[in-house]
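Asker: Those letters in the sequence shown? Residues 1346 to 1503, by the working numbering. Note that CB positions come from ideal geometry on N, CA and C, so glycine has one too. The structure displayed is predicted, hence computed values, not measured ones.
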Amino acid sequence: MSRTSRSRTAVGALVAAALLATAGASVPAFAGSSAPPPARSGANGPAYDRVANFYGAYIDAVTDEGSGHLGSQLRGFYLTKDLRNRLAKWESREHADGVLRAQDVPRAWKVTAGDSGAGHTWSTVRLTWGSAQHPTYTYLTVQSDLATKKISDIKAKS
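1. If I measure Cβ to Cβ from Ala1453 and keep anything under 6 Å in the same chain, skipping five residues before and after, which residues do I get?
2. Among the residues of its own chain, which have a CB less than 6 Å from the CB of Ser1497, if the five just before and after it don't count?
3. Can you tell me whether Asp1498 is helix, strand or coil according to DSSP?
4. Between Tyr1393 and Ser1468, how many whole angstroms is the CB-CB distance? I'm expecting something under 8 Å.
5. Over the uninterrupted beta strand (DSSP E) stretch that includes Asp1460, give me the two end residues.
6. Alpha carbons only, please: which of Pro1451, Val1450 and Thr1466 is nearest the one belonging to Thr1457?
7. Please report the straight-line C-alpha distance between Val1470 and Asp1442, rounded to a whole angstrom.
8. Run through DSSP, which three-state label would Val1407 get?
9. Look at the Cβ atom of Leu1485, then the Cβ atom of Arg1438, and state whether they are nearer than 8 Å.
10. For Val1487, does the three-state DSSP call read helix, strand or coil?
11. According to DSSP, is Leu1424 part of a helix, a strand, or is it coil?
12. Give me the residue from Thr1483, Gln1448 and Thr1493 with the minimum Cα distance to Ser1503.
13. Confirm, please, whether the CB-CB distance from Thr1408 to Val1444 is below 8 Å.
14. For Lys1455 and Ser1461, I'd like the C-alpha separation in whole angstroms.
So this is what it looks like as C-alpha coordinates:
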(Lines of atoms letter the chains of each structure in order from A and count residues from 1; the text may use other names and numbers.)
(Lines give C-alpha, C1' and ligand atoms only; values in the text may rest on other atoms or scores of the structure.)
Protein backbone atom coordinates (compact mmCIF):
# COMPACT_ATOMS: atom_id res chain seq x y z
CA MET A 1 0.00 0.00 0.00
CA SER A 2 1.38 3.42 -0.92
CA ARG A 3 1.81 6.26 1.49
CA THR A 4 -1.03 8.22 -0.23
CA SER A 5 -3.54 5.40 0.06
CA ARG A 6 -2.57 4.82 3.74
CA SER A 7 -3.11 8.53 4.32
CA ARG A 8 -6.55 8.39 2.69
CA THR A 9 -7.46 5.31 4.69
CA ALA A 10 -6.39 6.99 7.93
CA VAL A 11 -8.34 10.16 7.08
CA GLY A 12 -11.39 8.06 6.15
CA ALA A 13 -11.17 6.18 9.42
CA LEU A 14 -10.89 9.44 11.38
CA VAL A 15 -13.91 10.90 9.57
CA ALA A 16 -15.92 7.73 10.19
CA ALA A 17 -14.95 7.77 13.88
CA ALA A 18 -15.93 11.44 14.17
CA LEU A 19 -19.29 10.78 12.54
CA LEU A 20 -19.97 7.85 14.86
CA ALA A 21 -18.97 9.89 17.89
CA THR A 22 -21.25 12.74 16.80
CA ALA A 23 -24.16 10.36 16.19
CA GLY A 24 -23.57 8.71 19.55
CA ALA A 25 -23.54 12.07 21.30
CA SER A 26 -26.97 12.93 19.90
CA VAL A 27 -28.61 9.77 21.28
CA PRO A 28 -29.61 10.13 24.93
CA ALA A 29 -27.86 7.66 27.18
CA PHE A 30 -29.69 5.85 29.91
CA ALA A 31 -26.93 4.85 32.28
CA GLY A 32 -27.02 1.22 33.24
CA SER A 33 -30.36 0.64 31.55
CA SER A 34 -31.17 -1.56 28.62
CA ALA A 35 -34.69 -0.14 28.53
CA PRO A 36 -35.62 1.83 25.41
CA PRO A 37 -35.85 5.61 25.70
CA PRO A 38 -39.28 6.98 26.64
CA ALA A 39 -41.63 7.60 23.74
CA ARG A 40 -45.08 9.04 23.19
CA SER A 41 -47.39 8.62 20.25
CA GLY A 42 -50.79 9.71 19.15
CA ALA A 43 -53.47 9.15 16.58
CA ASN A 44 -56.71 10.68 15.45
CA GLY A 45 -58.69 8.39 17.71
CA PRO A 46 -61.76 8.50 19.91
CA ALA A 47 -63.20 11.63 21.45
CA TYR A 48 -61.65 10.95 24.87
CA ASP A 49 -58.21 11.15 23.22
CA ARG A 50 -59.14 14.66 22.13
CA VAL A 51 -60.20 15.45 25.71
CA ALA A 52 -56.80 14.21 26.93
CA ASN A 53 -55.00 16.24 24.26
CA PHE A 54 -56.95 19.34 25.24
CA TYR A 55 -56.36 19.01 28.98
CA GLY A 56 -52.65 18.32 28.48
CA ALA A 57 -52.15 21.34 26.22
CA TYR A 58 -54.47 23.59 28.23
CA ILE A 59 -52.77 22.86 31.55
CA ASP A 60 -49.38 23.51 29.92
CA ALA A 61 -50.67 26.79 28.49
CA VAL A 62 -52.08 28.12 31.75
CA THR A 63 -49.05 26.91 33.73
CA ASP A 64 -46.43 28.51 31.50
CA GLU A 65 -45.78 32.19 32.03
CA GLY A 66 -45.99 34.20 28.84
CA SER A 67 -48.06 31.71 26.85
CA GLY A 68 -50.14 34.65 25.66
CA HIS A 69 -53.52 33.75 24.26
CA LEU A 70 -52.81 30.05 23.84
CA GLY A 71 -55.37 29.00 26.48
CA SER A 72 -58.17 30.88 24.71
CA GLN A 73 -56.99 29.60 21.31
CA LEU A 74 -57.13 26.03 22.62
CA ARG A 75 -60.63 26.69 23.94
CA GLY A 76 -61.60 28.02 20.51
CA PHE A 77 -60.39 24.87 18.79
CA TYR A 78 -61.50 22.15 21.24
CA LEU A 79 -64.69 23.57 22.82
CA THR A 80 -68.04 24.29 21.21
CA LYS A 81 -69.08 27.93 21.00
CA ASP A 82 -72.02 27.28 23.31
CA LEU A 83 -69.72 25.81 25.98
CA ARG A 84 -67.30 28.73 25.69
CA ASN A 85 -70.21 31.12 26.32
CA ARG A 86 -71.43 29.12 29.33
CA LEU A 87 -67.88 28.93 30.73
CA ALA A 88 -67.48 32.70 30.45
CA LYS A 89 -70.62 33.20 32.56
CA TRP A 90 -69.54 30.56 35.09
CA GLU A 91 -66.05 32.09 35.38
CA SER A 92 -67.46 35.58 35.89
CA ARG A 93 -69.69 34.31 38.68
CA GLU A 94 -67.19 31.92 40.34
CA HIS A 95 -63.91 33.81 39.75
CA ALA A 96 -62.20 30.57 38.69
CA ASP A 97 -61.15 28.72 35.55
CA GLY A 98 -64.19 26.90 34.19
CA VAL A 99 -62.20 24.28 32.31
CA LEU A 100 -60.40 23.26 35.51
CA ARG A 101 -63.22 24.26 37.87
CA ALA A 102 -60.54 25.80 40.09
CA GLN A 103 -58.51 28.93 40.76
CA ASP A 104 -55.20 27.08 40.60
CA VAL A 105 -53.59 24.74 38.08
CA PRO A 106 -53.34 21.01 38.83
CA ARG A 107 -49.99 19.26 38.73
CA ALA A 108 -51.31 16.25 36.78
CA TRP A 109 -54.35 14.98 34.91
CA LYS A 110 -55.80 11.69 33.70
CA VAL A 111 -58.66 11.06 31.27
CA THR A 112 -60.77 7.90 31.27
CA ALA A 113 -63.33 7.02 28.61
CA GLY A 114 -66.93 6.71 29.67
CA ASP A 115 -70.29 5.86 28.14
CA SER A 116 -71.65 7.03 24.80
CA GLY A 117 -75.16 7.63 23.55
CA ALA A 118 -77.43 10.04 21.71
CA GLY A 119 -74.53 11.48 19.70
CA HIS A 120 -72.33 12.19 22.74
CA THR A 121 -69.62 10.50 24.74
CA TRP A 122 -68.53 11.23 28.28
CA SER A 123 -65.06 11.16 29.78
CA THR A 124 -63.91 11.46 33.36
CA VAL A 125 -61.03 13.85 33.96
CA ARG A 126 -59.10 13.38 37.19
CA LEU A 127 -57.10 16.45 38.22
CA THR A 128 -54.30 15.92 40.74
CA TRP A 129 -53.51 18.61 43.29
CA GLY A 130 -51.05 18.88 46.16
CA SER A 131 -47.72 17.17 46.60
CA ALA A 132 -46.70 13.76 45.29
CA GLN A 133 -46.68 12.52 48.90
CA HIS A 134 -50.15 13.90 49.69
CA PRO A 135 -52.18 14.16 46.47
CA THR A 136 -55.80 15.19 46.36
CA TYR A 137 -58.09 14.75 43.39
CA THR A 138 -61.05 16.41 41.77
CA TYR A 139 -63.10 14.79 39.06
CA LEU A 140 -64.84 16.33 36.08
CA THR A 141 -67.35 14.86 33.68
CA VAL A 142 -66.60 16.05 30.16
CA GLN A 143 -69.11 15.61 27.34
CA SER A 144 -67.98 15.49 23.71
CA ASP A 145 -70.03 15.50 20.53
CA LEU A 146 -69.32 12.32 18.57
CA ALA A 147 -69.75 14.01 15.19
CA THR A 148 -67.24 16.82 15.80
CA LYS A 149 -65.28 15.43 18.79
CA LYS A 150 -65.55 18.93 20.29
CA ILE A 151 -66.08 19.25 24.02
CA SER A 152 -69.64 20.42 24.63
CA ASP A 153 -69.92 20.36 28.43
CA ILE A 154 -67.74 20.26 31.55
CA LYS A 155 -69.18 19.62 35.00
CA ALA A 156 -67.76 18.81 38.41
CA LYS A 157 -68.43 15.13 38.98
CA SER A 158 -70.63 14.49 41.97
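Answerer: On the basis of the supplied data:
1. Once the five neighbours on either side are set aside, the close Cβ partners of Ala1453 are Thr1473.
2. Thr1425, Leu1428, Gln1488 and Asp1490
3. In this structure, Asp1498 counts as strand in the three-state DSSP scheme.
4. 4 Å
5. Ala1453 to Gly1462
6. Thr1466
7. Here the alpha carbon of Val1470 sits roughly 15 Å from the alpha carbon of Asp1442.
8. helix
9. no
10. Strand, per DSSP.
11. strand
12. Thr1483
13. no
14. If you take the alpha carbons of Lys1455 and Ser1461, they lie about 19 Å apart.
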